[in-house]
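There are 2 protein chains.
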Amino acid sequence: MNSSKKVSIREVGPRDGLQNESTWIDTEQKIEWINHLSRTGLPYIEVSSFVHPKWIPALADAEEVLARIDRVDGVTYAALVPNEKGLERALRAGVDEVAIFMSATETHNRKNINKSIADTLPVLKNVTRIAKQEGKSVRGYLSTVFGCPYEGTTEQTKLLQTVEALMTMGIDELSLGDTIGVATPNLVEAVVREVTKLVPTEKMALHLHDTKGMAIANIACGLRTGVRKFDSSVGGLGGCPYAPGAAGNVATEDLLYLLHGLGYETDVSLNEIMKAAAYIQEKLDKPLPSHNLQSFLAKEGSV
Amino acid sequence: MNSSKKVSIREVGPRDGLQNESTWIDTEQKIEWINHLSRTGLPYIEVSSFVHPKWIPALADAEEVLARIDRVDGVTYAALVPNEKGLERALRAGVDEVAIFMSATETHNRKNINKSIADTLPVLKNVTRIAKQEGKSVRGYLSTVFGCPYEGTTEQTKLLQTVEALMTMGIDELSLGDTIGVATPNLVEAVVREVTKLVPTEKMALHLHDTKGMAIANIACGLRTGVRKFDSSVGGLGGCPYAPGAAGNVATEDLLYLLHGLGYETDVSLNEIMKAAAYIQEKLDKPLPSHNLQSFLAKEGSV
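Chain order of the listed sequences is C and F.
Read the first sequence against UniProt numbering and you will find it ends at 303, with the numbers running on by one and no gaps.
Read the second sequence against UniProt numbering and you will find it ends at 303, with the numbers running on by one and no gaps.
If you want it as structure tokens, here you go:
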């Protein structure tokens with residue numbers, strides 16, 4: 001059992017958040033915002049994606065963003081990479097870490113990557129090999145770990161096979177995604193316990209969407225099960241673009257409130273994160289799902 | 001330790017929800033809505049308040065609502081009562097259960113009730129005595145149990161003295177309120193364990209506001225600590241009227257999703273609750289904080 005009180009947050013707002021927002025943020029504002037995030041104490045920022053701009057036009061400026069942000073010592077600047085071509089772009093842009101991705105369920109993998117799981121694994125293996133040769137660390141995202149919008153329940157044997165395949169490639173961290181936010185704490189505990197047999201908790205992260213309001217309870221459960229790395233996005237960015245009130249990633253502010261309340265250390269300033277959340281809320285011109293941001297703004301009028 | 005899988009929900013939307021909304025719902029719509037709630041499987045609905053209409057004008061129609069709703073067998077229809085005068089009105093209107101209220105912190109009690117805690121207790125004792133004589137059960141709300149907007153931390157010795165005083169009056173159920181939604185699970189666990197020394201869990205409920213997004217995690221903790229009664233409001237009604245995105249009571253839908261996911265039984269239909277939430281959202285003409293409602297509407301377009 002992991003008794004450490006140190007928790008590490010992976011901020012994914014600039015990538016997983018903005019790629020799902022219907023309003024696009026212009027490059028200057030992204031840079032200003034990421035520079036602010038770099039000074040909040042966050043150890044890790046996923047800055048953009050090198051998926052082809054045809055698929056994620058909101059992040060077509062990945063090269064420019066990475067070239068122009070002020071990098072702060074101690075912060076890892078990562079980006080999403082789908083294949084060797086994306087990796088070449090990411091390496092030229094000077095990412096610190098490469099994030100590869102696939103799904104735990106066959107149908108979601110095909111819909112998202114246009115390949116079977118069997119055909120995806122060699123691509124990711126090759127990306128991992130080259131990235132490691134270039135001295136970059138590699139993070140693996142596994143989506144639909146706790147449920148799938150197409151298949152419903154995620155098949156556990158297949159999930160564990162895929163986890164093993166990713167770990168065998170030599171990835172440095174595995175992020176287990178509740179892509180559609182359907183898990184409740186009992187499922188999180190069961191899955192984390194199984195995955196822990198293949199992945200040490202130091203290499204495991206939870207990536208939980210707050211679609212059904214379960215993310216914070218699931219994180220509290222993850223902490224009890226020994227997980228100490230969590231993905232989140234400032235403001236709770238990344239909700240469904242067609243649903244005004246629907247939640248996205250768990251908000252970094254809400255995660256911090258939980259962690260600090262439970263006595264965990266993060267080195268991240270909740271107050272500075274609130275300011276960064278208020279900034280991006282203003283640019284997106286809509287209330288974001290973050291509970292702490294909204295209650296803070298209600299009380300203070302402004303941050 | 002309570003190993004029962006049966007959980008009882010106290011729906012407080014028509015009272016604690018609507019009293020805090022800036023838009024008032026007219027009497028016909030309230031009745032239609034409460035009639036719908038009565039057919040969802042909910043065992044308990046707090047229908048209105050007999051606090052003087054000067055203080056809660058949105059619920060000035062308490063008598064008419066209680067007179068005209070269709071009462072369903074097995075559903076307890078309760079109302080908030082501040083004093084003997086309010087009790088007379090509530091008894092005439094035929095409530096099944098009387099809910100009295102006070103705060104665990106002196107300053108909040110004075111601001112909310114305009115009396116010291118010492119001066120409040122005899123009033124509530126008298127209300128409880130008469131209500132019991134009239135054959136009504138009595139529920140006690142204790143606010144600011146986990147934190148106070150004026151005093152910050154809630155003083156534990158004083159809290160436990162007040163709990164004891166309320167139980168000695170002979171109330172049938174004590175609802176522990178996180179009025180400003182500041183608790184994290186460690187605090188909930190610590191307080192519930194202390195209060196359990198004075199109140200059996202069968203007589204204890206948690207009333208958690210989702211202001212900082214902690215309510216569901218705190219309920220999961222309450223369940224582990226043996227609590228099996230929870231207050232909630234359909235749609236997550238009851239946010240601050242001045243803050244568009246700020247959360248109110250934990251949403252009944254989100255509570256149900258957690259409970260059913262964890263294998264608890266409630267006899268409440270999540271689908272019917274969703275319809276009741278969509279109804280009141282439409283009448284209030286703004287997105288409510290409920291995660292499950294928003295994700296359902298995003299997916300289905302309508303309920």
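The C-beta atom is built at its ideal place from N, Cα and C for all residues, glycine as well.
All values reported here derive from a predicted model rather than from experimental measurement.
For Arg-39 (chain C), the three-state secondary structure derived from DSSP is coil.
Counting only residues of its own chain and dropping the five nearest sequence neighbours on each side, Ser-48 (chain F) has a CB closer than 6 Å to the CB of Arg-15, Leu-59, Ala-62, Val-65 and Ala-79.
Any Cβ of chain C closer than 8 Å to the Cβ of His-108 (chain F) would place that residue at the interface, and such an atom is absent. Listed as beta-bridge partners of Glu-11 (chain F) by DSSP are F:Ile-45 and F:Ser-232.
Around the C-beta of Glu-46 (chain C), 16 or more other C-beta atoms lie within 10 Å, and the residue is accordingly described as buried. Spatial neighbours of Ile-273 (chain C) in its own chain (CB-CB distance under 7 Å, excluding positions within 5 residues in sequence) are listed in chain order as Thr-40, Val-234, Thr-252, Glu-253 and Leu-256. Residues of chain F whose Cβ lies closer than 7 Å to the Cβ of Gly-152 (chain C) do not exist; the shortest such Cβ separation is about 14 Å.
At a Cβ-Cβ threshold of 8 Å, Leu-208 (chain F) and Val-163 (chain F) do not count as neighbours. Distance check between Asp-210 (chain C) and each of C:Arg-228, C:Arg-193, C:Ile-180 and C:Lys-197 places C:Ile-180 closest, using alpha-carbon atoms only.
Residues of chain F with a Cβ closer than 9 Å to the Cβ of Asp-254 (chain C) are, in chain order, Lys-212, Gly-213 and Met-214. Remark: C-beta atoms of Cys-148 (chain F) and Thr-107 (chain F) approach each other more closely than 8 Å. Within 9 Å of the CB of Pro-185 (chain F), the CB atoms of chain C belong to Ala-217, Ala-220, Leu-258, Gly-261 and Leu-262, in sequence order along the chain. Annotation note: the region 67-139 of chain F contains the following uninterrupted alpha helix (DSSP H) runs of length 4 or greater, listed N- to C-terminal: 84-92, 106-113 and 117-133. The distance from the Cβ of Ala-165 (chain C) to that of Leu-121 (chain C) is about 5 Å, consistent with a contact at the 8 Å cut-off. A buried status is given to Pro-289 (chain F), since no fewer than 16 other beta-carbon atoms sit within 10 Å of its beta-carbon. Separation of the CB atoms of Val-138 (chain C) and Ile-113 (chain C) is rounded to 17 Å, and the pair is thereby denied contact status at 8 Å.
If you draw a 10 Å sphere on the C-beta of Gln-133 (chain C), you find fewer than 16 other C-beta atoms in it, and that means exposed. A distance below 8 Å between beta-carbons, with the five flanking residues on each side excluded, links Lys-136 (chain C) to the following residues of its chain, in chain order: Leu-91, Val-95, Asp-96, Glu-97 and Val-98. Gly-248 (chain F) and Leu-237 (chain F) do touch by the CB rule: their CB atoms are close to 5 Å apart, below 8 Å.
Separation of Val-191 (chain F) and Asp-119 (chain C) (C-alpha to C-alpha, rounded to the nearest whole angstrom) is 53 Å. At a cut-off of 8 Å between beta-carbon atoms, His-36 (chain F) makes no contact with chain C.
At least one CB atom of chain F sits nearer than 8 Å to the CB of His-291 (chain C).
Within chain C, no residue has its beta carbon less than 7 Å from that of Ser-143 (chain F); the closest one is some 17 Å off. For Ser-49 (chain F), there are no neighbours in chain C by C-beta distance under 8 Å, as the nearest C-beta there is about 23 Å away.
A residue is called buried when at least 16 other Cβ atoms come within 10 angstroms of its Cβ; Arg-228 (chain F) meets this threshold and is buried. Contact with chain C is absent for Ser-22 (chain F), since none of that chain's Cβ atoms lies less than 8 Å from the residue's Cβ.
Cys-148 (chain C) is bridged by DSSP to C:Gly-152. Scanning its chain for C-beta atoms nearer than 8 Å, with the 5 sequence neighbours on each side dropped, one finds around Ile-25 (chain C) the residues Leu-18, Trp-33, Ala-58, Ile-280, Lys-283 and Leu-284, in chain order. Secondary structure note for Leu-256 (chain F): its alpha helix (DSSP H) is the uninterrupted segment 252-261. When secondary structure is reduced to three states using DSSP, Asp-172 (chain F) falls in the coil class, being assigned neither helix nor strand. If you look at Ala-215 (chain C), you'll find it in the alpha helix (DSSP H) that goes 215-224. Taking 8 Å as the CB threshold, Ala-247 (chain F) lines the interface with chain C. With distances taken between CA atoms, Pro-53 (chain C) lies nearest to C:Lys-85 out of C:Asp-73, C:Ile-69, C:Lys-85 and C:Glu-28. Using beta-carbon distances, Ser-295 (chain F) counts as an interface residue toward chain C, with a partner under 8 Å.
The C-alpha of Pro-200 (chain F) is placed about 38 Å away from the C-alpha of Leu-270 (chain C).
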